[in-house]
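If you read the sequence shown in our numbering, its first letter stands for residue 5, the second for the next number, and so on. Note that CB positions come from ideal geometry on N, CA and C, so glycine has one too.
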Amino acid sequence: MNGKHWTNDEVVDHLYGVGPEDGHERECAQCMARIVELRARREAVAGSAKVTADFLRNQQLAIAGRIEARRMELQAWWRMPVWVAVMAALALVLSAPRPAREATVAGGLNRAADAEMYLEIYQSISSEEPRALAPMHGLFEEQ
Ligand SMILES: [Zn+2]
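Right under this line is the structure:
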């Protein structure tokens, strides 16, 4: 006998033609028996799986079904954050503290100043006269 017995990996490698080339299998009946047994098992497994057109069609349908299910799942997740964001914004708006109905003195002053500012903004926006003509009024002011 030449060297030690082959490992399982070496026997499998031998079956696929890439095993050790030390000629051990020719001298060792034990390793040759393992090779014969594994070869028979491989042929049994490979021979049992007959690929038919129906098998391929069913496999194709199963794969397409899984892809479609995954796509639908992704679409559902894609829409989910939008609804979560909308609901969060709504909850934030509804839960925001509301200003007290009775304004303090300072609040009243601020409100008056704000109202004046908004009025100026509104007048500047709502005027139909272009802003570029405003300096022209200075030419026609009454003295
Ligand atoms: Zn051996």
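- Taking all protein chains shown into account, Ile-71 has fewer than 16 neighbouring C-beta atoms within 10 Å of its C-beta and is therefore exposed.
- A residue is called buried once 16 or more other Cβ atoms fall within 10 Å of its Cβ, and Glu-145, having fewer, is exposed.
- With three or more CB-CB distances shorter than 8 Å, the stretch 37-47 counts as touching the stretch 18-26.
- Between Glu-31 and Pro-24, the C-beta spacing is not below 7 Å.
- With a cut-off of 6 Å, the C-beta of His-18 is classified as distant from ligand 1, since no heavy atom of the ligand falls inside that distance.
- Approximately 31 Å separates the beta-carbon atoms of Gly-51 and Asp-26; this is outside 8 Å, ruling out the contact.
- Boundaries of the alpha helix (DSSP H) around His-28: 28-31.
- Shown here, Val-55 sits in coil according to DSSP, grouped into three states, outside any helix or strand.
- Uninterrupted alpha helix (DSSP H) stretches at least 4 residues long and entirely within the stretch 61-128 do not occur.
- In the three-state scheme derived from DSSP, where H, G and I count as helix and E and B as strand, Glu-14 is classed as helix.
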